[in-house]
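In our numbering, the protein residues as written are 9 to 917.
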Ligand code: SF4
């Protein structure tokens, strides 16, 4: 156990994105956790982004699920496990094995994932296990399998530093994979590589772009088909490579040429001729090109074809798996890749084996000693939830994910979950939108308590290590699943003593059927070279015999691993692929527009995604005051032109509607969006806002091959959502105000020592003030001191408990005119504190008028930066960094500093 006896830093891996940064942490006696970047980890060499740096603020027992519960009542583990095994068994007996399902997560460790997959596919005998990676990376999986014969990312992070051209397409790397973005920024400064950003939005990633192509939503295939045609017309293809290593060029090229002339590309993408040609010429002329792609490519009804249209261009130029020259799919989640390795997707078996390969099913059956292996793929995520609705699935076990927020049509699917006969949810938190539908809630260990492995975007397996004791009765996911398996009668196959046992079994499994053969291209008979050729590149033979001690000490390494500590950085560089012929496949990719198109009723495109300082549904990052501060409310970014056309005012509430429903978001008029296009982050849930679950707007249409839904192109309408008053309420209480009426709209944000609620109301300011004050008195009882102050355009209220501020609020008809940023720091301060006194004067002291938080790492606020710029001493971002320290931590705010500088300089012109 990792207490601080030796003052020892323990190496582990960040909980969030697929960069998979190494961290070092040490636990203090008070339960807090210090975290710093691991300077030896090859993913980040010591760097961390704002989320990684704040990991220590997200551990602890606040909000944790501490005991198993059945129907909201605490029970013992024995009772919970018996309930699950009995209900699953009965449902399978009555309705068949496909009447049950697991919906798992890229937050699970590989060992957890492996055991869940083994139970469902190997012993229950159904393919019905799918993962939230379906929403994230499944189009890349399908694209990789079609082109390469296996779900392989051929390159490694070092390629970003070796490239002369980096194409970021459908990837706001600056916010979603910040440490990789910092690596590119540094590489660009050192070797002058060019960066092209292909994205409908002008995202913070454009901060380092030499060229930004703001293409129309969903038009990526047209752009890359045009590139393939351009490469052909300009004799920029590598025919030696194409002849030796690929098949299918003719059909792919014919398809590309059908729409490949520049005019057609212009029409489909909305780009001008000069932009298109500049990109094509750069790509054509630059041998060392890395194309990085992510959710903007994957999350589409033609996501798989988008991936293959990119891979086609790399195959045509022979730029696969070579130093500084490769396509590069970056994964969203910390272990999306690990889940794919062990069969977390419904259509794959573990260890990259396939349902339709009889050798594979035989080998797995023998290895697991089961005669009940699933023989066909199960239902993919959305199909799984639709099958609950139709009554085919009667029990679902959801692990470490929050589909009631993250799935498209989430309001409809929440109702589906509510009506499901039996719902089990394993989670480390006590209240999530999904847990509200659970018949059985199981307390799982959280990050910092679990132990196992994760695989990052460059195929690097790293250890997540235990840093803190588990609170309450929290258990590892693999233990919970194994105990249920034992109670269902499969004990012989799930008698694991530790996560190390499971990892070694999985590593052993990757060696099944792997043979030493010569590659097809290296001759035949006596002329064959003796070369280890892996029929499946995912091979961990070098890790299959680890002792528990070796597992405990395992250093990060990229698969395949034929010998421990001798990992493989790149794959396919020799032109040999994992397809039956050994050749990579060009795929003909037709450009198809998004499934839904804007109409007179829903005339605007909505794009959804992540923001800098939050992760998924905020169950973890939402615990950190500093991460919560950068973006305090769900918002809609829109152009000034659209704002004017639809009478939307900056900072006011806007109602966004689609054919599925409506949400209320705060308007952010911004040059990031082109007219006709909007952006909204998806992180907020029913736990953090009353009407801001953005994915409720999205349709359930999905890619026919990957099953990945369309998250980036939804037709919507917008209109102002007027209100009479608004309030900002700070409170020590972590309870969402159940006393708010449905007429009031609210959002909740974690702050120092408490919470901030932003409330908008149809009541007059006076009515709202009176009502909030009455509710506070009711909640806290009489006898506590409180103060009411009414001023011309605002009223204020403070309530003290033991002479410390416990609740305060400001009510106004327009809070934007009030100085409110400093209020978040008031909770817990005594009445005599000058800062608390300012509550009643209505004016913050100058030293507290620092504005909104810009740099989360160094806690530098907007007014400090603006003052530095105004003073004339800062005429560059570098100077701002030196003077204010902003941007000197993880660097994620550097694009924002540039934006602030640009705006300030514009004002001076
Ligand atoms: Fe964690 Fe940030 Fe690294 Fe991603 S980039 S793994 S969120 S520290």
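No residue lacks a Cβ here, since even glycine has one placed at the ideal position from N, Cα and C. Every value quoted in this text rests on a predicted model; they were computed, and no experiment measured them.
Within 10 angstroms of the beta-carbon of residue 48 lie fewer than 16 other beta-carbons, which makes it exposed.
The C-beta separation of residue 773 from residue 803 comes to about 7 Å, placing the pair in contact by the 8 Å criterion.
In this structure, the ligand SF4 has no non-hydrogen atom nearer than 8 Å to the beta-carbon of residue 624. For residue 98, the uninterrupted alpha helix (DSSP H) run begins and ends at 85–103, by DSSP.
Around the beta carbon of residue 507, 16 or more other beta carbons lie within 10 angstroms, which makes this residue buried. Listed as beta-bridge partners of residue 757 by DSSP are 764.
The three-state reading of DSSP puts residue 490 in helix, counting H, G and I together.
Counted as a single uninterrupted DSSP element, the stretch harbouring residue 161 is not any alpha helix (DSSP H), since DSSP gives it neither H nor E. Residue 377: not part of any alpha helix (DSSP H); DSSP gives it neither H nor E. At the C-beta level, residue 120 and residue 404 stay beyond 9 Å of one another.
DSSP places residue 221 in the uninterrupted beta strand (DSSP E) bounded by 219–221.
Secondary structure of residue 412 (DSSP, three-state): helix.
Set against 8 Å, the gap from the CB of residue 51 to the closest heavy atom of the ligand SF4 is smaller.
The residue from 82, 583, 124 with its alpha-carbon nearest to that of residue 322 is 583.
Residue 669 has 666 as its beta-bridge partners, per DSSP. In the structure shown, the three-state DSSP call for residue 678 is coil. Looking at the DSSP output, residue 718 shares a beta bridge with no other residue. In this structure, the beta-carbon distance from residue 522 to residue 604 does not fall below 9 Å.
Here the residues close to the ligand SF4, judged by CB distance below 6 Å to any of its heavy atoms, are 22, 24, 25, 27, 28, 29, 52, 56, 57, 59, 60, 185, 186, 187 in chain order.
In the displayed model, residue 440 falls within coil according to three-state DSSP, outside both helix and strand. A straight line joining the alpha-carbon of residue 699 with that of residue 204 spans about 37 Å. For residue 782, the three-state secondary structure derived from DSSP is helix.
The Cβ-Cβ distance between residue 704 and residue 397 does not fall below 9 Å.
Linking residue 156 to residue 23 through their CA atoms gives a straight-line distance of about 30 Å. Here residue 863 carries a strand assignment [DSSP, helix/strand/coil]. According to DSSP, residue pairing for residue 202 in a beta bridge involves 173. Per DSSP, reduced to three states, the secondary structure at residue 404 is strand. Annotated as proximal: residue 468 and residue 575, with beta-carbon spacing under 9 Å. The region 379–397 makes no contact with the region 666–673; the number of CB pairs closer than 8 Å stays below 3.
Three or more Cβ pairs closer than 8 Å define a contact, and the region 347–357 falls short of that threshold against the region 477–488. Checking the DSSP bridge columns, you'll see residue 809 partnered with 812. Residue 363 carries a coil assignment under DSSP once its states are collapsed to helix, strand and coil.
Around the Cβ of residue 426, a 10 Å sphere holds fewer than 16 other Cβ atoms; the residue is exposed. Within a 10 Å sphere around the beta-carbon of residue 616 sit 16 or more other beta-carbons, which makes this residue buried. Here residue 16 is exposed, its C-beta having fewer than 16 other C-beta atoms within 10 Å. For residue 30, the uninterrupted beta strand (DSSP E) segment begins and ends at 30–35.
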